[in-house]
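To convert, note that position 80 of the sequence shown is 615 in our numbering; the numbers rise steadily by one, no gaps.
Where a beta carbon is used, it is the ideal one built from N, C-alpha and C, also for glycine.
Remember, it's a predicted structure, so these values are computed and weren't measured experimentally.
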Amino acid sequence: MDDREKRLQRVGGLSLMRVKALGRELHRDDRGVSLVELIVTITISTIVLAVIITAIVQFYALTRWGNAQLLLENDFQTANLWLGRDAAEAASFTSGSGLTYGTFHWADGSHQFRYA
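This is the structure:
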């Protein structure tokens with residue numbers, strides 16, 4: 536056995552028969568992944584995954600916030616509609632004090648709406 540065959544036997548714990556079964560010679564660069572390469576790969580993968588997760592979380596948070604905004608705007612429009620309808624149909628309005636906005640009164644006395 537010459538020096539080259541002895542070196543091939545020592546590389547990566549592979550036997551000479553297994554190396555020859557691969558159909559080519561095993562070079563020093565073919566042994567596998569080094570620890571540094573593995574750490575760099577894991578670090579890059581972690582950074583990419585963190586960016587993706589952050590984007591997904593922000594997307595759902597903004598969607599939830601946007602839905603709350605739309606719901607609030609819809610509630611304001613509904614309140615404005617009812618207030619306008621009551622004001623158009625009422626015969627008189629008495630302004631309130633403190634936290635009470637006021638009261639709409641109908642001419643026949645059948646309805647009275649107080650807004651606070």
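Are residue i and residue j touching if we call contact CB-CB under 8 Å?
{"i": "A614", "j": "F639", "result": "no"}
{"i": "A642", "j": "A626", "result": "yes"}
Which value, in whole angstroms, describes the spacing of the CA atoms of residue i and residue j?
{"i": "R649", "j": "W600", "result": "32 Å"}
{"i": "I577", "j": "A596", "result": "28 Å"}
{"i": "F594", "j": "I588", "result": "10 Å"}
{"i": "H646", "j": "L616", "result": "18 Å"}
{"i": "V571", "j": "I591", "result": "30 Å"}
{"i": "F611", "j": "I574", "result": "55 Å"}
Residue i: buried (16+ other C-beta within 10 angstroms of its C-beta) or exposed?
{"i": "S632", "result": "exposed"}
{"i": "A556", "result": "Only weak support exists for where A556 lies, its pLDDT of 49 falling under 50; the coordinates are left without a value."}
{"i": "T635", "result": "exposed"}
Just checking my contact of residue i with residue j at CB under 8 Å: how many whole Å lie between their CB atoms?
{"i": "T629", "j": "G637", "result": "6 Å"}
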